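**Q** Please read through the structure below; I'll follow up with questions.
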Amino acid sequence: MLAILSALIPTFALIVLGFILRQRKFLPDAFWPGAEKLTYYVTFPALLFSNTAQADLGSLPLAGIATAMLGTVFICTVLILITKPVLKVSNPAFSSLFQGAIRPNTYIGLAVAAALLGEAGLTVTALCVALVVPTVNVLSVLACAHWGDNERTPGAVSLLRDVLRNPLLMACVLGIAINMTGFGLPPVIGPFLEVLGRAALPIGLLAVGAGLDLSAARRAGGPVGFSTLGKLVISPAIAAGLCLLLGLPPVELAAVVLYAGLPCSASAFVLARLMGGDAPMMASIITVHTLVAIITIPILAVLLHVV
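In structure tokens:
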């Protein structure tokens, strides 16, 4: 337990530091959008690309990882749809709850995997990113288009184009393609990307903390609590069951379960605001998920016997 906390405390301390820096106005507010943009388009893609390009993918049970991860997403999707009549919320609010049920915070996921599982766990998590990011983006856009209070529904071509342009997905796909060639990264480019990728986790986690909205968390009600239980408890439980059924090895199982138990991504707020979702509820979901995950992720690590 102490080893797990020692590994995770720096991760969550960076989130707290980001929140404090934003609240204390240590940096101008204009800094944080730039930091998020740098993380999303430059440092995290560099980390994912260099990791997947150099990983030993041939030794991984790729079919099992894909089945467990995508199976978890689709089961959670079905469950949230089944509960819609019971929740008794407006359609825009339900679109936000839908996002909260399936969208993971990749920044936290990669940091947790690196801290607890090392390079092997980071590789599995990168594969989860490649699988889950396009899937949940498409599902979330469809949910907001159907239940959100919006005037324009994106066409199939536009939706596909936006998904394919996702820099995290592109980095994973290109990294896997380079890996399959067997040539690896060139001498200069490889070290450059590795150094650049090292900036991804601290900047990304600081930005996560800066984006927290405690006033939104205080407005949270029953639906947000339901969302938190579903994303941080039920989702990883489903993933664990699928991994056990598929016989995944310990590291792969731990990486998939931890990824399934991540809090909702901050990008869900942007989509909710643009496509007529309940943006205030989305802010509550993101903040409450992130704060509660500080407790649930270490518990998951203990249950998974991660050391």
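Sequential numbering of the sequence shown, starting at 2, is according to our numbering. Beta carbons: idealized from backbone N, C-alpha and C, even for Gly. Predicted, not measured: the structure shown is a model, and the values here were computed from it.
(1) Within the chosen definition, does the region 70-78 reach the region 43-57 through at least 3 CB pairs nearer than 8 Å?
(2) Just to confirm my understanding: we take Val293, look at its own chain, exclude 5 residues before and 5 after, and list those with CB closer than 7 Å. What are they?
(3) With burial defined as no fewer than 16 other Cβ atoms inside 10 Å of the residue's Cβ, what is the status of Gln100: buried or exposed?
(4) Of all the alpha helix (DSSP H) runs that stay within the bounds of the region 39-116, which reach a length of 4 or more residues?
(5) For Ala67 and Cys129, what's the separation of their Cα atoms in angstroms?
(6) Going straight from the alpha carbon of Leu39 to that of Leu206, what length do you get?
(7) Mark Phe184 as exposed unless 16 or more other C-beta atoms lie within 10 angstroms of its C-beta, in which case mark it buried.
(8) Is the Cβ-Cβ distance between Leu118 and Ala256 less than 8 Å?
(9) Looking at the structure shown, is Pro11 part of a helix, part of a strand, or coil, going by DSSP?
(10) Looking at the structure shown, is Leu305 part of a helix, part of a strand, or coil, going by DSSP?
(11) Could you work out which residue in Glu37, Lys26, Ile5 and Ala69 is closest to Leu246 when comparing CA atoms only?
(12) Helix, strand or coil, according to DSSP, for Lys26 in the structure here?
(13) In angstroms, rounded to a whole number, what distance separates the CA positions of Leu9 and Ala200?
(14) Alpha carbon to alpha carbon, what distance is there between Ala131 and Leu259?
(15) Just verifying my parser: in three-state terms, what is the DSSP assignment at Gly185?
(16) Taking DSSP as the reference, what is the three-state secondary structure of Arg166?
(17) Check whether the Cβ atoms of Ala269 and Ser141 lie closer than 8 Å to each other.
(18) Would you check if the distance between the CB atom of Cys244 and the CB atom of Leu254 is smaller than 8 Å?
(19) What residue range is occupied by the uninterrupted alpha helix (DSSP H) comprising Ile239?
(20) If you follow the alpha helix (DSSP H) that Gly277 is part of, which residue opens it and which one closes it?
(21) Under a Cβ-count criterion, where at least 16 other Cβ atoms within 10 Å of its own Cβ denotes burial, should His306 be classed as buried or exposed?
(22) How is Leu194 classed by DSSP in three states: helix, strand or coil?
(23) Can you tell me whether Val303 is buried or exposed? The criterion is at least 16 other CB atoms within 10 Å of its CB, across all chains shown.
(24) Is Met276 near Ser97, with beta carbons less than 8 Å apart?
**A** In short:
(1) no
(2) Thr229 and Leu233
(3) buried
(4) 45-55, 63-83, 85-88 and 92-103
(5) 7 Å
(6) 13 Å
(7) exposed
(8) yes
(9) helix
(10) coil
(11) Ala69
(12) coil
(13) 18 Å
(14) 16 Å
(15) coil
(16) coil
(17) yes
(18) yes
(19) Ser236 to Leu247
(20) Careful: Gly277 lies outside any alpha helix (DSSP H) and carries neither H nor E.
(21) exposed
(22) helix
(23) exposed
(24) no
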